[in-house]
Amino acid sequence: MELLRKTALLRVEEQTRGVPPEEVRAISLHDVPLPTERLSCFSQLTRLTLVSLRPRLRALDGVPLASLPALAVLDVSDNAISVPAAPAHTPPLRKLFIANNKLNEWEEIERLAAAFPTLTVLDITHNQADDPARFNDIFALFPALVALDSKNKDGEEVAIVDSDESSSESDEEDDESDASFITEEEEEEEEEEEEKKNSVNGESSAPPLKLPRTE
1 MELLRKTALL
11 RVEEQTRGVP
21 PEEVRAISLH
31 DVPLPTERLS
41 CFSQLTRLTL
51 VSLRPRLRAL
61 DGVPLASLPA
71 LAVLDVSDNA
81 ISVPAAPAHT
91 PPLRKLFIAN
101 NKLNEWEEIE
111 RLAAAFPTLT
121 VLDITHNQAD
131 DPARFNDIFA
141 LFPALVALDS
151 KNKDGEEVAI
161 VDSDESSSES
171 DEEDDESDAS
181 FITEEEEEEE
191 EEEEEKKNSV
201 NGESSAPPLK
211 LPRTE
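Number 132 in the UniProt record's numbering belongs to position 132 of the sequence shown; there are no gaps in the numbering.
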């Protein structure tokens, strides 16, 4: 376990080396212990990924949320999180990925809604509390929600497009529901239009190679 702790600290160091703490915007950790004390100094962090930690994260209170007031995106998938009480001192999250955890009761979803009323994206797949029969009820709980488990209010699959979460422009935030999500049909239409343009210009219509996202 001591080796894993050192590995966690090393990964944080690698991702933040040469950058003042107040300018660090994103940290991603997988399969290591949570270095709570090390994360607390990054007050302007906007994106935090804590996937499949060892040992598994059991509560959101384990994350130093009170020290991360600018946090907009939190991914804690593949842990063992339950929500026996609403987390306190939470930042205004926009996106929460909490798939494959231990959310077993409807009340836990209600507590998440109380703690994170500004969520536009929520992923709670592979949790017992994620009942398809209550799909609309979950949208009703979160007033700003645009995508639940990669579906919009109409049940259509949507692609979640990466956006600059660090922007503080209120008008950009208001437009996120239009700019950050496109349906699969819209995506296909855009690809067809691009192919037509390429054909007219004599360019190959073959789709570009898609590279995997890295941390």
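Even for Gly, the Cβ is constructed at its ideal location relative to N, Cα and C.
The model shown is predicted, which means the values in this text are computed figures rather than measured ones.
So, at 8 angstroms on beta carbons, what are the nonlocal neighbours of residue i in its own chain, with the 5 sequence-adjacent residues on each side left out?
i	result
residue 175	The pLDDT assigned to residue 175 is 44, lower than 50, so where the model puts this residue is not dependable; a value taken from the coordinates is nonetheless given after this. Taken in chain order, the list of residues that qualify is empty.
residue 229	Since the first residue shown for the chain is 1 and the last is 215, residue 229 is missing from the structure and cannot be characterised.
residue 80	56, 57, 58, 101 and 102
residue 72	46, 47, 91, 92, 93, 94, 95, 165 and 166
At a cut-off of 6 angstroms, would you count residue i as near the ligand FAD, judging by its Cβ distance to the nearest heavy atom?
i	result
residue 125	In the structure shown, the ligand FAD is absent, as is every other ligand, since no ligand is present at all.
Determine the direct distance from the alpha carbon of residue j to that of residue i, and round the result to whole angstroms.
i	j	result
residue 49	residue 95	11 angstroms
residue 6	residue 74	23 angstroms
residue 88	residue 68	12 angstroms
residue 3	residue 78	21 angstroms
residue 135	residue 8	37 angstroms
residue 156	residue 35	38 angstroms
residue 38	residue 54	16 angstroms
residue 116	residue 86	9 angstroms
residue 132	residue 1	39 angstroms
residue 123	residue 70	20 angstroms
For residue i, which residues of its own chain have a beta-carbon under 6 angstroms away from its beta-carbon, when the five flanking residues on both sides are left out?
i	result
residue 26	47
residue 16	24
If I'm right that residue i touches residue j with Cβ under 8 angstroms, what's the distance once you round it to whole angstroms?
i	j	result
residue 51	residue 30	5 angstroms
residue 144	residue 118	6 angstroms
residue 141	residue 113	4 angstroms
residue 44	residue 22	5 angstroms
residue 63	residue 98	About 11 angstroms; that fails the 8 angstroms criterion.
With DSSP collapsed to three states, give me the class of residue i.
i	result
residue 153	coil
residue 47	strand
residue 83	coil
residue 116	coil
residue 137	helix
residue 131	coil
residue 66	helix
residue 8	helix
residue 31	coil
residue 57	coil
residue 160	strand
What's the call for residue i, buried or exposed, on a 16-neighbour Cβ count within 10 Å?
i	result
residue 161	exposed
residue 66	exposed
residue 10	exposed
residue 121	buried
Output needed for residue i: all residues of its chain with C-beta closer than 7 angstroms, excluding positions within five of it in sequence on either side, in chain order.
i	result
residue 110	141
residue 138	109 and 148
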